[in-house]
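Student:
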Amino acid sequence: GESVGLHLPTLSVQEGDNSIINCAYSNSASDYFIWYKQESGKGPQFIIDIRSNMDKRQGQRVTVLLNKTVKHLSLQIAATQPGDSAVYFCAENAGGTSYGKLTFGQGTILTVHP
Amino acid sequence: DAGVTQSPTHLIKTRGQQVTLRCSPKSGHDTVSWYQQALGQGPQFIFQYYEEEERQRGNFPDRFSGHQFPNYSSELNVNALLLGDSALYLCASSLAGGIETQYFGPGTRLLVL
Chain L
1 GESVGLHLPT LSVQEGDNSI INCAYSNSAS DYFIWYKQES GKGPQFIIDI RSNMDKRQGQ
61 RVTVLLNKTV KHLSLQIAAT QPGDSAVYFC AENAGGTSYG KLTFGQGTIL TVHP
Chain A
1001 DAGVTQSPTH LIKTRGQQVT LRCSPKSGHD TVSWYQQALG QGPQFIFQYY EEEERQRGNF
1061 PDRFSGHQFP NYSSELNVNA LLLGDSALYL CASSLAGGIE TQYFGPGTRL LVL
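The listed protein sequences correspond, in order, to chains L and A.
Residues in the first sequence are numbered consecutively from 1, following the numbering used here.
Residues in the second sequence are numbered consecutively from 1001, following the numbering used here.
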């Protein structure tokens, strides 16, 4: 059968639109969350992070929202540009003895059309 | 300021062989984590090295082993290669045992034939 990896969620937007990428995490003990961007043939690039004592954090053109009640994370990209086209991963880091072990989501493919 | 570097960039091996991949962390970082990324999937944690010791390990067999040197660089060794070991191997560096943000290198693409 086909791998789950062949069915990555996709998001297609026009240049200048705002993009929202969603992620559901699994471990209620996770207390640190990171969004990474991965372009084809490259390693993941850090975008923004948030700790569990916050529900919102803003960066340059990006905002991360954390809803611990429903274990949901989102990445908002303002004024999306063609250079934003990539696969976006959320990652969670459980605390305690698991600190440092990142667990990644399946990823979302973002395509920005000029 | 150099980021995380990895070598080699690409590698082709045959089943049963052994491979060693290398990683130099970002300047000032003391912790190295290794991940395996199969095509179309997110990275999977293999293990983490801090103070020259393996501190965390994911669900990978003992064929996967590593080492960290006094200069914080690290090696990943895989013995008895299987076809399923074909993947992008990523190294990430961070500070203080991984409690800070992990920054990734470009990866080593391993193909096992």
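C-beta atoms are modelled at their ideal positions from N, C-alpha and C, and glycine is treated no differently.
1. Between N22 of chain L and the rest of its own chain, which residues show a CB-CB distance below 6 Å, the 5 nearest in sequence each way excluded?
2. Let's see if you can read the secondary structure: which residues bound the beta strand (DSSP E) around K56 of chain L?
3. Kindly indicate which three-state DSSP category D31 of chain L falls into: helix, strand or coil?
4. Any Cβ of chain L within less than 9 Å of the Cβ of Q1036 of chain A?
5. I'd like to confirm the pairing. Which residues does DSSP put opposite R1124 of chain A in its beta bridges?
6. Check the Cβ of G1058 of chain A against every Cβ in chain L and list those closer than 8 Å, keeping chain order.
7. If we define contact as Cβ-Cβ less than 9 Å, is S1033 of chain A a contact residue for chain L?
8. Given a cut-off of 9 Å on the beta-carbon distance, is the pair T80 of chain L and D17 of chain L in contact?
9. Considering V112 of chain L, what are the terminal residues of the beta strand (DSSP E) in which it resides?
10. Are three or more beta carbon pairs between the region 1090–1108 of chain A and the region 1029–1039 of chain A nearer than 8 Å?
Tutor: This is what the structure holds:
1. Around N22 of chain L: S74.
2. For K56 of chain L, the enclosing beta strand (DSSP E) begins and ends at 56–58.
3. Note: D31 of chain L maps to strand in three-state DSSP.
4. Chain L has no Cβ within less than 9 Å of the Cβ of Q1036 of chain A.
5. Lying outside 1001 to 1113, the shown extent of chain A, residue 1124 of chain A is not represented and no answer is given.
6. The answer, in chain order, is K101.
7. Flagged as an interface residue toward chain L: S1033 of chain A, by a C-beta distance shorter than 9 Å.
8. With respect to the 9 Å criterion, T80 of chain L and D17 of chain L are classified as neighbours on the basis of their beta carbons.
9. Element bounds for V112 of chain L: 108–113.
10. Contact between the region 1090–1108 of chain A and the region 1029–1039 of chain A is present, with at least three C-beta pairs closer than 8 Å.
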